[in-house]
Amino acid sequence: MSDYNFAYLDEQTKRMIRRAILKGLAIPGYQVPFASREMPMPYGWGTGGVQVSAAILTPDDCMKVIDQGADDTTNAVSIRKFFEKTAEIETTEATNAASVIQTRHRIPEEPLREDQVLVYQVPIPEPLRFLEPRETETRKMHSLEEYGLMHVKLYEDIAKHGAIATSYAYPVKVEGRYVMDPSPIPKFDNPKLEMAAIQLFGAGREQRIYALPPYTKVVSLDFEDFPFEASKADHACDLCGADAAYLDELIIDDAGGRMFVCSDTDFCQTRRAAGHIGAQGAPFEEAAQ
Amino acid sequence: MYVAVKGGERAIDNAHAWLAEERRGDPSVAELSVAQIREQLALAMNRVMAEGSLFDPDLAALAIKQSRGDLIEAIFLIRAYRTTLPRLGHSQPVETANMACDRRVSATFKDAPGGQVLGPTFDYTHRLLNFKLAAEGEVPEAPQAPPRETPTPHIVAFLNREGLIQDEPASDDTPRDLTREPLELPADRALRLQSLTRADEGFVLGMAYSTQRGYGRNHAFVGELRIGTCAVEMDIPELGFTIDIGEVELTECETVNQFTGSKSEPPQFTRGYGLTFGQTERKAISMALVDRALRWKELGEEDTGAPAQDEEFVLSHADNIQATGFLEHIKLPHYVDFQSELELIRKLRTEANAMKEAAQ
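In the order they appear, the protein sequences are chains U and X. Its first residue numbered 10, the first sequence is counted upward by one per residue in the working numbering. Its first residue numbered 190, the second sequence is counted upward by one per residue in the working numbering.
Below you can see the structure in the form of structure tokens.
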């Protein structure tokens, strides 16, 4: 793919995106407008994350791409191939071997390090969007730190359901200032948002970038008497036996039988390679790959 | 015992191979050439150029071939290609008053300098399937008239001379660029027009139609609709003068709309404007109506709450590449978010049932 610049985008565009990223890092949780480009994959399919990754990748980087925690979901495969072709960089499925991880809907189970960057694909960056559809209004609300509407929504959930009825894209407050949408990660992942790695969020269609510098304080919104709870299915992984990892539920027979497996495929495989076996798992074999 | 599902990569490769085969169709039927699409499906090609924001008939025709005739997919191909092109400079504004018109009609004056020129229009065809076309067949040559030597003046300019229509003062300000800056609202008119000219034809048509049916009515007359080619000129700093670098086919629509005025200001007609690549007149007329509807604030009209008056609503939802991408992304896996919803709903149901039992 020598017809295209390294990582597809031209250097001017990368510079524009890097500026937005730096501004985002300087104002954690603030949504920085940027002139998102049309990418050769559809809007809504990770164009924001792809542009952020393209802007930060260097030829020495090793990249991992996950969707729903898995490296082999079709869109993750497609995005990984895109960077293999346009940047000719090394790619990996191993979380600890990657310097840049692009993700959709999950944070890897294994804690990330200071020399890693986690890039999120974001569909709707505005945490207040479904409370107020107008961008002109929500930007005002952020600048005035006017988040009452969000608390009313959470309160109404409790009044109606007895619990906060948000299970993913659970809103957080960053360094006591901006309310931020962590992208549609399950709320199980919210506590991991305080981490050593840089976290960058790219929303292509909505033309927004935001960021969390390492060790930024990120608090999931809640009430004293209804504290935030990071929940997951009450099972252990049927393949590797992990009991504190986020699980996917599979339907495995016509009778509706279920099994639960780690959504983070690298985490699960690493555990199985180390000899952990779940209730329905087989001993790990390299050949089964 | 369960083995985790793998094989996304092979599935994608195989799907692409099948797609390529389906695109070609039955190999015993002759393959469609790009030139055939360019020449014989010109209106599809024009739509792709207009909404793809790139005037290149051959590439638009290629995109239609590659997309199997799915025009939004073709527009997407063109847009994705367009972003990779370096920006060498910009042209002078095209002078539509100097357009070599193939078609030029006015609904406001029976005749005017330059006359009414129907051009190659479907307007007065009877929509009867022409079965002869199924058997192919050559067409007789159309009669020709000598082309007009002098430029065809804009009809709305005649109204402007009398002060009957609101003036649009010329400006040398550099407009903001929708493709280089994020769209921030409120947008000025130049930005709105940029957005509308690349907007989805169906969306703009629907919005325009809604104004005709009373949702933000602005009573439009087609003052003039013209289709033809315009020279594109560019300043070349090394030469120190302007040269022609080519020509583009354009459709321009100027509407004359309901008048405004007050006790102190005598009434004047107002304007809507549409300009699109290629012969795309449905789009250009729709654009003019929506442009006019979006000008309510500047013209001191009332916000009736009509969708076509709502700038944020119109501009945020008009782009079919954004819309189709986001709509279709819901096909992607959402196991993780769905799983979290499953857990939540199970938990809420368990609690609700426990409370019901306790109450009994």
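Beta carbons are placed, not taken as given, at the ideal position from N, Cα and C, and that holds for glycine.
Residue burial classification, Gln298(U) (beta-carbon count within 10 angstroms, cutoff 16): Unreliable positioning characterises Gln298(U) in this predicted model, as indicated by a pLDDT of 43, which lies under 50. The coordinate reading is nonetheless provided below. Gln298(U) comes out exposed.
Sub-8 Å separation of Ser192(U) and Ala178(U) beta-carbons: yes
Local conformation of Pro312(X) per DSSP, three classes: First, the residue type needs correcting, since residue 312(X) is Asp and not Pro in the sequence shown. In this structure, Asp312(X) counts as coil in the three-state DSSP scheme.
Below-8 Å beta-carbon distance, Arg280(U) vs any chain X residue: no
Contact check, Phe347(X) vs Ala397(X), beta carbons under 8 Å: no
Pairwise C-alpha distance: Lys486(X) and Phe140(X): The question about residue 140(X) has no answer, for chain X in this structure spans 190 to 549.
8 Å Cβ cutoff, Arg214(U) in contact with chain X: yes
Bounding residues of the alpha helix (DSSP H) (the contiguous stretch that carries Gly33(U)): 20 to 35
Alpha helix (DSSP H) segment containing Met544(X), residue limits: First-last of the alpha helix (DSSP H) with Met544(X): 524 to 548.
Residues near Val345(X) by beta carbon distance below 8 Å, same chain, minus five either side: Ile354, Gly412, Glu413, Glu443, Val445, Arg460
Candidates Asn105(U), Ile110(U), Arg217(U), Thr112(U): closest to Pro136(U) by CA position: Arg217(U)
7 Å Cβ cut-off: residues of chain U touching Asp581(X): Absent from the model: residue 581(X). The displayed extent of chain X is 190 to 549, so no value can be given.
Closest residue to Ser360(X) among Asn349(X), Gln549(X), Leu439(X), Ala379(X) (Cα-Cα distance): Ala379(X)
Backbone CA spacing between Ala172(U) and Leu537(X) [nearest angstrom]: Distance between the alpha carbons of Ala172(U) and Leu537(X): 8 Å.
Chain X within 8 Å of Met48(U), Cβ atoms only: yes
Distance, Lys169(U) Cα to Val161(U) Cα: 12 Å
Alpha helix (DSSP H) segment containing Thr83(U), residue limits: 83 to 96
C-beta neighbour in chain X for Tyr330(U), strict 8 Å: With chain U running from 10 to 298 in the structure shown, residue 330(U) is simply not present.
Other residues of its chain near Arg293(X): CB distance less than 8 Å, five sequence neighbours each side excluded: Gly303, Gly304, Gln305, Val306, Gly308, Thr341, Glu413, Leu414, Arg415, Ile416, Gly417
Residues that Gln130(U) bridges to, as DSSP identifies them: Gly211(U)
Those residues which DSSP pairs with Arg460(X) across a bridge: Val445(X)
6 Å CB neighbourhood of Phe235(U) in its chain, flanking five on each side removed: So the qualifying residues of the chain are Ile167.
Cβ of Arg271(X) within 8 Å of any chain U Cβ: yes
According to DSSP, residues forming a beta bridge with Ile218(U): Val41(U), Gly211(U)
CA-to-CA distance, Gly78(U) to His114(U), given in whole angstroms: 7 Å
Neighbour-count burial assignment, Lys472(X), 16 or more Cβ in a 10 Å radius: A buried status is given to Lys472(X), since no fewer than 16 other beta-carbon atoms sit within 10 Å of its beta-carbon.
is_contact[Val345(X), chain U] using C-beta, thresh 8 Å: no
Beta carbon proximity, Phe515(X) to chain U, threshold 8 Å: Yes, Phe515(X) lies at the interface with chain U (some Cβ there is under 8 Å from its Cβ).
Those runs of the alpha helix (DSSP H) which lie wholly inside the region 371 to 448 of chain X and span at least 4 residues: 378 to 386, 390 to 401
Chain-ordered chain U contacts of Leu374(X) [CB-CB under 7 Å]: Glu144, Thr145
Closer than 8 Å to chain U by CB, Gly435(X): no
Where Gly137(X) falls, given that 16 or more other Cβ within 10 Å makes a residue buried: An answer regarding residue 137(X) cannot be provided, because it is not within the stretch 190 to 549 covered by chain X.
Lys311(U) - partner residues in DSSP beta bridges: Since the first residue shown for chain U is 10 and the last is 298, residue 311(U) is missing from the structure and cannot be characterised.
Extent of the continuous alpha helix (DSSP H) run through Met72(U): Premise fails: Met72(U) lies in the beta strand (DSSP E), 71 to 76, not in any alpha helix (DSSP H).
Residue-chain proximity (Asp257(U), chain X), Cβ-Cβ < 8 Å: Yes, its Cβ sits closer than 8 Å to a Cβ of chain X.
DSSP state of Val345(X) mapped onto helix, strand, coil: helix
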